[in-house]
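Q: Handing you this structure, nothing more for now.
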Amino acid sequence: MWCLSESIYDVNTGTAIVKLAPQLSNLYTKNKATFSWNDELVLTDGVLYDVNSGKVINRLDKLNQTQNGVFHPNGLEIISNTEVWDIRTESSTLHLLKTVPVLNQCSIIFSPVNSALYAISMEQEMDDGDSSYDSSFKTVDSNDYTSIATIEVKKNIYDLAVNSYDTQIALIENQGMYNSVQESVVRLYDVGRQRDDEDEQEEEDEDDEMDNSDDDGSDAGDRVIINLGGSDDNNANNEEERGSNNGRAHNRTSSSSSSSSSDDSSWTSLSGSDDSGDFLLQELL
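The numbers in our numbering rise by one with no breaks, and the one at position 195 of the sequence shown is 195.
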């Protein structure tokens, strides 16, 4: 198995400070390097390195074809597909803590406030060469990895981001296949709120409008609907309402394109997309 060398650069000087050249790597199709919370370790292409020396510490099993694992914010674990590894070891062998089947073939993002993580399925290659996405995302307790909830949004989920207060979730939802998207929408959800009848009716009306736009031949391709709404008052109200309902997401609204910026300017995003859309959600928000 061949592998590619990588380098870590100093962002201030633009100079390479260490070169990573493993003998073996996993050759993920959409690999992204990820650093530990203290920047002492880096995980890329399934290989764990010491940042200062560039020395290989361990190589993880390849459990999917697409992407690398991530560090847990607690600084003690790595999550690679369904496997949770303890990195508190002086030896070259990591300890497998547990397997979490619900995270199989998922990209994950951690809540910046609460002990939870969000998981969305990575894109699946189809026989005709197109890609498909799942229409639901999962919430999981990041302490014991028990499943909290699965939220169905009835649209293909392309990407997910959560704001710095964990009061709102933004989803890029697509209609149609990856190479023939009919509608692309950034929809904002409130965390911990129950959906009511009025919200159900609004969503049905939105779906009808989308269907009508397709029927009359109007051009809806690649149109991104952005709602950055949410004032400080709304965030305060959301914080009070969350309580123990952190596992539930409530569809708040969807509006026409806007160039305004949100008070919640800090969003954390994952991306299971190709290079052309890796940072789409981060740039928009």
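We put the beta carbon where it would ideally sit given N, CA and C, even for glycine. Nothing here was measured: the structure is a model prediction, and the numbers come from that model.
1) Go through its chain and collect everything with a Cβ distance to N31's Cβ below 7 angstroms, but skip five positions before and after it.
2) Using only alpha-carbon positions, find the residue among T99, D190, Y145 and E6 that is nearest to A161.
3) On the DSSP bridge list, what partners appear for I95?
4) Using CA atoms only, rank isn't needed, just tell me which of T99, Y145, I148 and N114 is closest to T167.
5) Could you check the C-alpha separation between N235 and L24 for me, to the nearest Å?
6) Is the beta carbon of K138 less than 9 angstroms from the beta carbon of I109?
7) Between the Cα of S135 and those of N156, V185 and G75, spot the shortest distance and give me the residue it belongs to.
8) With L60 and Y49 assumed to form a contact (beta carbons below 8 angstroms), what rounded beta-carbon distance in angstroms separates them?
9) Would you kindly work out how many angstroms separate the C-alpha atoms of T150 and N12, rounded to a whole number?
10) If you drop the 5 nearest sequence neighbours on each side, which residues of the same chain put their C-beta closer than 6 angstroms to that of G247?
11) Quick test of your reading: L94 and I87, contact by CB under 8 angstroms. State the CB separation rounded to the nearest angstrom.
12) In its own chain, which residues sit with a C-beta less than 6 angstroms from the C-beta of V18, not counting the 5 before and 5 after it?
13) Go to A119, then tell me how far its beta strand (DSSP E) extends in each direction, as first and last residue.
14) My parser needs the alpha helix (DSSP H) runs of 4 or more residues fully inside the region 9-83; what are they?
15) Identify whether V191 lies in helix, strand or coil by the three-state DSSP scheme.
A: Checking against the coordinates, here is how it stands:
1) T44, D45, Q67 and N68
2) D190
3) Note on identity: in this sequence residue 95 is His, with Ile being the wrong assignment. DSSP lists D86 as partners of H95.
4) N114
5) Because N235 carries a pLDDT of 43, less than 50, the predicted location of this residue cannot be relied on, and the following value inherits that uncertainty. Their Cα atoms are separated by approximately 47 angstroms.
6) no
7) N156
8) The pair is not a contact, with the Cβ atoms about 12 angstroms apart (cut-off 8 angstroms).
9) 42 angstroms
10) Per-residue confidence for G247 stands at a pLDDT of 46, beneath the threshold of 50, marking its modelled position as unreliable; the derived number appears in the next sentence. Excluding residues within five positions, the ones whose Cβ falls inside 6 angstroms are T139, I148 and A149.
11) 6 angstroms
12) I8 and G54
13) A116 to S121
14) none
15) strand
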